[in-house]
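For reference, the structure is listed below as structure tokens.
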Amino acid sequence: MTVQDFRPGFILPICYRIICYHKSFSCKKHPKMRPARKQADESILKVGPTRLSSSDTPGTFYNIWYNKWSGGERTSRFSREKAKTRCNVALDAGETKADKMPSTYFCLYFARGCCPFGHECGFWHRIPTESDPVDATIDVFGRDKFNEYRDDMGGVGSFNRENRTLYVGYIHINPDMEVSRTILRNLMNYTFSFDI
1 MTVQDFRPGF ILPICYRIIC YHKSFSCKKH PKMRPARKQA DESILKVGPT
51 RLSSSDTPGT FYNIWYNKWS GGERTSRFSR EKAKTRCNVA LDAGETKADK
101 MPSTYFCLYF ARGCCPFGHE CGFWHRIPTE SDPVDATIDV FGRDKFNEYR
151 DDMGGVGSFN RENRTLYVGY IHINPDMEVS RTILRNLMNY TFSFDI
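Under full-length UniProt numbering, the first residue of the sequence shown carries the number 1, and numbering increases by one thereafter.
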């Protein structure tokens with residue numbers, strides 16, 4: 001293949017699935033990987049529960065283990081909130097400090113579209129490939145899996161079962177659009193194969 005065979009945005013199978021463009025080719029063997037961009041500023045990384053007044057709390061007890069409120073009403077205006085950021089692989093993927101390390105994990109904040117470190121991040125900013133090392137007790141983000149699933153079926157999951165199911169909930173469907181077309185439109189950014 002020559003440089004002319006690649007169109008802008010083509011995903012190369014030899015270079016960790018980093019999106020490469022015509023201008024980024026530096027040698028015949030491997031294209032030059034551009035540095036990962038900063039997706040957000042550091043103010044977005046505030047952790048912990050949101051401070052709410054007593055009249056705004058969606059429950060009566062705050063569970064620090066699950067980072068959720070419990071008791072009280074089931075439906076609340078705080079229960080579902082649209083994500084403020086989103087990962088765009090074509091723009092956000094790139095080389096980070098982790099590419100020089102022998103073994104590391106993928107950046108959770110990159111996957112959420114809000115990594116403020118960009119090329120200075122210590123985790124990979126790319127899509128997982130089949131050649132990446134797999135550990136049954138740890139997920140791709142380096143979080144420990146557990147023996148059993150959580151009570152609310154959230155979290156990292158269990159190492160007793162290999163699960164490749166992605167749950168997509170609360171999709172807003174236009175009346176003239178099918179569910180499968182909506183899912184395809186949102187997941188076509190990624191290069192994994194899936195069945196709907």
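Think of the CB as a built atom: it goes at the ideal place given N, C-alpha and C, for glycine as much as any other residue. All figures in this text were calculated on a predicted structure; none of them were measured in a lab.
Which residues bound the alpha helix (DSSP H) around Y109? Within the sequence shown, numbered from 1, the residue matching residue 109 stands at position 109. Run containing Y109: 108–112, per the alpha helix (DSSP H) assignment.
Rounded distance between the beta-carbons of A111 and T104, thought under 8 Å: Indexing the sequence shown from 1 puts residue 104 at position 104. Indexing the sequence shown from 1 puts residue 111 at position 111. Contact flag wrong, Cβ pair sits at about 14 Å.
In the DSSP assignment, the beta strand (DSSP E) including S70 goes from what residue to what residue? Translated into positions along the sequence shown, residue 70 becomes position 70. Here the beta strand (DSSP E) through S70 covers 68–70.
Which residue comes first and which comes last in the alpha helix (DSSP H) that contains N186? Within the sequence shown, numbered from 1, the residue matching residue 186 stands at position 186. It spans 179–187 - the alpha helix (DSSP H) in which N186 sits, taken as one unbroken run.
What are the boundary residues of the beta strand (DSSP E) that includes F61? The residue labelled residue 61 in the question sits at position 61 within the sequence shown. Its beta strand (DSSP E) spans residues 61–63.
Applying the criterion that 16 or more other CB atoms from any shown protein chain within 10 Å of the CB defines a buried residue, is G94 buried or exposed? Position 94 of the sequence shown, counted from the start, is the residue given in the question as residue 94. Buried: at least 16 other Cβ atoms inside 10 Å.
Throw me the rounded Cβ distance for the G118 and K38 pair, which I believe falls under 8 Å. Position 118 of the sequence shown, counting from 1, holds the residue named residue 118. Position 38 of the sequence shown, counting from 1, holds the residue named residue 38. Confirmed, Cβ separation roughly 4 Å.
Taking just the CA atoms, how far does F61 sit from R126? Within the sequence shown, the letter at position 126 stands for residue 126. Within the sequence shown, the letter at position 61 stands for residue 61. Each residue's Cα considered, the two are about 39 Å apart.
Cutting at 7 Å between CB atoms, please list the residues of its own chain near L91, excluding the five before and the five after it. Taking the first residue of the sequence shown as position 1, residue 91 is located at position 91. The residues are R37.
Give a yes or no on whether the C-beta atoms belonging to G145 and F159 are separated by under 8 Å. One-based indexing of the sequence shown puts residue 145 at position 145. One-based indexing of the sequence shown puts residue 159 at position 159. First, the amino acid is wrong: residue 145 is Lys here, not Gly. In this structure, F159 lies closer than 8 Å to K145 by Cβ.
Distance between L187 and G71 (C-alpha atoms, nearest Å): On the sequence shown, residue 71 is found 71 positions in, with the first residue counted as 1. On the sequence shown, residue 187 is found 187 positions in, with the first residue counted as 1. Roughly 35 Å separates the two Cα atoms.
Since V134 contacts F106 with CB under 8 Å, what's their CB separation in whole angstroms? For the purposes of this step, residue 134 is taken as the residue at position 134 of the sequence shown. For the purposes of this step, residue 106 is taken as the residue at position 106 of the sequence shown. About 12 Å; that fails the 8 Å criterion.
A136 versus C121, Y149, R150, R161, residue with shortest Cα-Cα distance: Position 136 of the sequence shown, counted from the start, is the residue given in the question as residue 136. It is R161 whose Cα lies nearest to the Cα of A136.
M63 versus E178 - alpha carbon distance: Residue mapping note: residue 63 aligns to position 63 of the sequence shown, counting from 1. Residue mapping note: residue 178 aligns to position 178 of the sequence shown, counting from 1. It should be pointed out that residue 63 corresponds to Asn in this sequence rather than to Met. Going from the Cα of N63 to the Cα of E178 covers about 38 Å.
Can you give me the start and stop residues for the alpha helix (DSSP H) that L91 sits inside? By 1-based counting over the sequence shown, the position of residue 91 is 91. First-last of the alpha helix (DSSP H) with L91: 89–92.
In whole angstroms, give me the CA-to-CA distance for K100 and G157. Along the sequence shown, read from residue 1 onward, the residue named residue 100 stands at position 100. Along the sequence shown, read from residue 1 onward, the residue named residue 157 stands at position 157. If you take the alpha carbons of K100 and G157, they lie about 29 Å apart.
Between I183, C114, N163, which lies nearest to I171 when the distance is taken from Cα to Cα? Taking the sequence shown and counting its residues from 1, the one referred to as residue 171 is at position 171. Taking only the C-alpha atoms, the option nearest I171 is I183.
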